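Asker: Okay, here's the structure, questions in a sec.
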Amino acid sequence: GDSVTQMEGPVTLSEEAFLTINCTYTATGYPSLFWYVQYPGEGLQLLLKATKADDKGSNKGFEATYRKETTSFHLEKGSVQVSDSAVYFCALSDQRSQGNLIFGKGTKLSVKP
Amino acid sequence: DGGITQSPKYLFRKEGQNVTLSCEQNLNHDAMYWYRQDPGQGLRLIYYSQIVNDFQKGDIAEGYSVSREKKESFPLTVTSAQKNPTAFYLCASSPRDRANEQFFGPGTRLTVL
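Chains as they are written, first to last, in our numbering: chain W, 6 to 118; chain P, 12 to 124.
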């Protein structure tokens, strides 16, 4: 079945460092891809999305490009802040999942001042 | 302000007792969802409902029950048949034709003693 694999955390960075969180997926069709963020003690928020190959989603300085050839959707940010400390979830949605989201296990990011 | 509310934020119950978690939304969304989150496991879908008076099992429905009598409300009951109920429970909603654009509530942390 469809699945999402994320790099294991935790990831610890210093403020202003470059961030990459890897995400790859397995799907039979052409899924839409998402990154959600969960701040401590809260629910999830949609961070960005891409619905077709080569689309780039971006929001709050974060970016991810839908790479069909490598089945990847890696999350990047050029300069992280302490306020970016959270758990990041990669997810996909397609017809096989009836439009429902399939989540990766999440990657915890800690940014130190 | 539109949004999703879950109550209470923390809930404690004795083993063998049923407990009901509340989820209310005023976003006028047709679809609602319940997820369970465990450390290192990501989110797993328990039940979802695309319309009032109808709901479907997700990946881990055993030991749980739901009802959808009103569009705004989707309560989840954790029954005594659930073998390991201690977890963080997240409710979400979406427009029916955009199931992947889900808005999440703040979650309820259930601890069974």
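Backbone N, C-alpha and C define an ideal beta-carbon position, used for all residues, glycine too.
Just so it is clear, the structure is predicted and the values come from calculations on it, not from any experiment.
Unbroken alpha helix (DSSP H) runs of length 4 or more, entirely within the stretch 25-100 of chain W: which are they?
Answerer: Those alpha helix (DSSP H) runs which fall completely within the stretch 25-100 of chain W and span 4+ residues do not exist here.
Asker: Within the continuous beta strand (DSSP E) that includes residue 88 of chain P, where are the two ends?
Answerer: 87-89 is the span of the beta strand (DSSP E), which, as asked, contains residue 88 of chain P.
Asker: Using 8 angstroms as the limit for Cβ to Cβ distance, is residue 105 of chain W near chain P?
Answerer: Yes, residue 105 of chain W counts as interfacial toward chain P.
Asker: For residue 61 of chain P, count the other beta carbons within 10 Å of its own beta carbon; 16 or more makes it buried, fewer makes it exposed. Which is it?
Answerer: Residue 61 of chain P comes out buried.
Asker: Along the chain, where does the beta strand (DSSP E) containing residue 15 of chain P start, and where does it finish?
Answerer: Here the beta strand (DSSP E) through residue 15 of chain P covers 15-18.
Asker: Hey, does residue 47 of chain W have any beta-carbon neighbour from chain P nearer than 8 angstroms?
Answerer: At least one chain P Cβ lies under 8 angstroms of residue 47 of chain W.
Asker: Should residue 48 of chain W and residue 54 of chain W be called a contact, given that it needs their Cβ atoms to be closer than 8 angstroms?
Answerer: Cβ atoms of residue 48 of chain W and residue 54 of chain W: not closer than 8 angstroms.
Asker: Taking 8 angstroms as the CB-CB cut-off, is residue 90 of chain W touching chain P?
Answerer: Not one chain P Cβ lies under 8 angstroms of residue 90 of chain W.
Asker: When you compare the stretch 71-81 of chain P with the stretch 78-94 of chain W, are there three or more beta-carbon pairs, one atom per stretch, that lie closer than 8 angstroms?
Answerer: The stretch 71-81 of chain P vs the stretch 78-94 of chain W: no contact.
Asker: Can you find at least 3 beta carbon pairs, one from the stretch 96-108 of chain P and one from the stretch 32-45 of chain P, that sit closer than 8 angstroms?
Answerer: Judged by Cβ distances under 8 angstroms, the stretch 96-108 of chain P makes contact with the stretch 32-45 of chain P, as three or more pairs qualify.
Asker: From residue 33 of chain W to residue 7 of chain W, what distance separates their C-alpha atoms?
Answerer: Going from the Cα of residue 33 of chain W to the Cα of residue 7 of chain W covers about 7 angstroms.
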